[in-house]
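S.K.:
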Amino acid sequence: MIIDCHGHYTTAPKELQTYRDSQIAGLKDPSYVPAPAKLAISDDAIRESLENAQLKLQRARGTDVTIFSPRASAMAHHIGNETTSRHWTQACNDLIHRVCTLYPQNFVGVCQLPQSPGVPPVNSAGELERCVRELKFVGCNLNPDPSGGLWNSPPLTDRHWYPLYEKMVELDVPAMVHVSASCNPNFHTTGAHYINADTTAFMQFLTSDLFKDFPTLRFIIPHGGGAVPFHWGRYRGLAQDMKRPPLEELLLGNVFFDTCVYHLPGIELLLKVVPVDNVLFGSEMVGAVRGIDPRTGQYYDDTKRYLDALPLSAADRAKLFEGNALKVYPRLKAHLAAAGRA
Ligand SMILES: [Zn+2]
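And the structure:
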């Protein structure tokens with residue numbers, strides 16, 4: 001089985017964005033009363049939004065199931081207040097649940113969290129619990145910078161985040177560290193802000209004893225781990241200079257990377273420096289990079305092709321495509337069994 005750990009509902013029916021637009025317009029309208037979404041979206045509209053996009057690509061590329069979450073750049077936790085974010089998040093998560101209910105064999109849900117700048121992360125625990133216990137989601141996306149590029153929250157290793165981590169541990173779900181849209185013009189959302197955040201999260205983990213406090217807490221750093229694999233020697237050396245334990249001991253029991261690096265040499269490097277046990281197949285399709293590479297004639301985000309081009313052992317392939325995902329997302333197994341996949 002081939003599990004893609006990183007997909008977003010980037011093709012959701014337009015009613016979702018219409019609701020979001022009304023929310024945002026309402027922020028400037030004193031007569032607007034914030035209210036949860038009541039989206040009139042038919043099952044057929046959901047099917048149509050996926051059949052010519054994610055589902056078509058799953059079939060064409062030979063992948064089986066996608067761990068699926070709301071569009072990350074649209075989380076935009078910096079917009080409005082805590083209520084704005086909660087209503088928006090619930091609408092997005094409920095739509096993911098409908099996708100997973102219509103296509104239980106193809107999609108498994110991961111939730112957005114209703115974060116907001118300056119609001120304690122523990123306030124997201126209720127939505128996480130709802131999504132895991134009621135909607136049967138298997139993880140969450142955690143935004144380390146709800147300000148959208150101003151980086152004014154405490155680091156992920158600060159006790160500020162601990163009550164949310166306690167809930168993640170209790171539910172036995174991981175978080176993908178995933179920022180959203182950048183409202184800082186210095187940082188292009190998917191080209192700079194995303195990669196900065198991936199790199200930043202790793203360095204934060206390196207400097208702290210977070211995983212001593214939470215030995216079973218798990219994070220996926222997406223986009224191939226940002227700059228980390230390319231600078232692996234820098235991080236090993238920094239850890240050494242700081243009298244930290246070796247990276248393997250310090251964080252590789254808890255931190256994992258996906259394969260959303262859109263060229264073969266990048267994937268080769270990733271797998272050369274990061275242990276195979278810490279890499280999960282992911283494509284982030286249909287996502288940030290949607291074009292075809294004229295040098296190969298293939299989609300940049302068809303990351304399975306890069307793995308298929310490597311001389312991997314059968315055991316390593318099984319880990320990358322299936323085993324590591326089942327290890328990092330323990331709730332996935334029951335979900336796949338219920339869908340007749342296991
Ligand atoms: Zn993503």
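Mapping of the sequence shown onto this note's numbering: position 149 corresponds to residue 149, and the numbering continues sequentially without gaps.
All C-beta atoms, glycine included, are put in the ideal place defined by N, C-alpha and C.
(1) On the three-state DSSP scale, how would you describe LEU27?
(2) Give the list of continuous alpha helix (DSSP H) stretches no shorter than 4 residues that lie fully inside the stretch 127 to 197.
(3) Assuming LEU113 contacts LEU128 (C-beta within less than 8 Å), just tell me the rounded distance between them.
(4) Between GLY323, ASP44, ILE267 and VAL122, which has its C-alpha nearest ASP277's C-alpha?
(5) In the DSSP assignment, the beta strand (DSSP E) including SER69 goes from what residue to what residue?
(6) List the endpoints of the continuous beta strand (DSSP E) containing VAL255.
(7) Is it right to say LYS167 is buried, meaning 16 or more other beta carbons lie within 10 angstroms of its own, or is it exposed?
(8) Within the same chain, show all residues whose beta-carbon is closer than 7 Å to that of PRO146, passing over the 5 residues directly before and after it, in chain order.
(9) According to DSSP, what are the bridge partners of CYS111?
(10) Quick check on DSSP: helix, strand or coil for GLN298?
(11) One question on the structure: do VAL279 and THR259 come within less than 8 Å of each other, judged by their Cβ atoms?
(12) What are the boundary residues of the alpha helix (DSSP H) that HIS335 is part of?
(13) Which residues bound the beta strand (DSSP E) around TYR262?
(14) Suppose contacts are defined by Cβ-Cβ distances below 8 Å. Is HIS160 in contact with ALA72 by that definition?
(15) Give the DSSP bridge partners of VAL279, in chain order.
(16) Can you tell me whether DSSP reads ASP209 as helix, strand or coil?
(17) Taking 7 Å as the limit between beta carbons, can you name the residues of its chain near THR189, skipping five residues before and five after?
(18) Return the CA-CA distance between THR63 and ILE3, expressed in angstroms with no decimal places.
(19) Which partner residues of ILE220 appear in the DSSP bridge assignment?
(20) Nearest by alpha-carbon distance to LEU16: which of VAL132, ILE292, ALA339 and ALA91 is it?
(21) Return the chain-ordered list of same chain residues with a C-beta closer than 6 Å to the C-beta of TYR32, the five sequence neighbours on each side being excluded.
(22) Are the beta-carbon atoms of ILE96 and SER124 separated by less than 8 Å?
(23) Could you check if GLY191 is buried or exposed, using at least 16 other CB atoms within 10 Å of its CB as the buried criterion?
(24) In its own chain, which residues sit with a C-beta less than 6 Å from the C-beta of THR83, not counting the 5 before and 5 after it?
(25) TYR9 lies in the beta strand (DSSP E); which residues open and close that run?
(26) By the three-class DSSP mapping on this structure, what secondary structure does ILE79 have?
(27) Find the nearest neighbour of ALA288 within the set TYR194, VAL328 and ALA325, judged by alpha-carbon distance.
(28) Around ligand 1, what residues have a beta-carbon under 5 Å from a heavy atom of it, in chain order?
(29) So who's on the other strand from ILE292, going by DSSP bridges?
(30) In angstroms, rounded to a whole number, what distance separates the CA positions of TYR299 and THR10?
M.R.: Quick look at the numbers:
(1) coil
(2) Qualifying alpha helix (DSSP H) stretches, in chain order: 162 to 171.
(3) 6 Å
(4) GLY323
(5) 65 to 70
(6) Residues 255 to 258.
(7) buried
(8) HIS77, HIS78, GLN115, SER116, PRO117 and SER153
(9) CYS140
(10) strand
(11) yes
(12) 332 to 338
(13) DSSP places TYR262 in no beta strand (DSSP E); its state is neither H nor E.
(14) With contacts defined by Cβ atoms closer than 8 Å, HIS160 and ALA72 do not form a contacting pair.
(15) Looking at the DSSP output, VAL279 sits in a beta bridge with PHE257.
(16) coil
(17) SER73, ALA181 and SER182
(18) In this structure, the alpha-carbon of THR63 lies about 7 Å from that of ILE3.
(19) Note: ILE220 sits in a beta bridge opposite MET176 and PHE256.
(20) ALA91
(21) GLY26
(22) no
(23) exposed
(24) The residues are PRO34.
(25) 3 to 9
(26) Reduced to three states, the DSSP call for ILE79 is coil.
(27) Shortest Cα-Cα distance from ALA288 to any of TYR194, VAL328 and ALA325 involves TYR194.
(28) ALA72 and GLU284
(29) TYR299
(30) 17 Å
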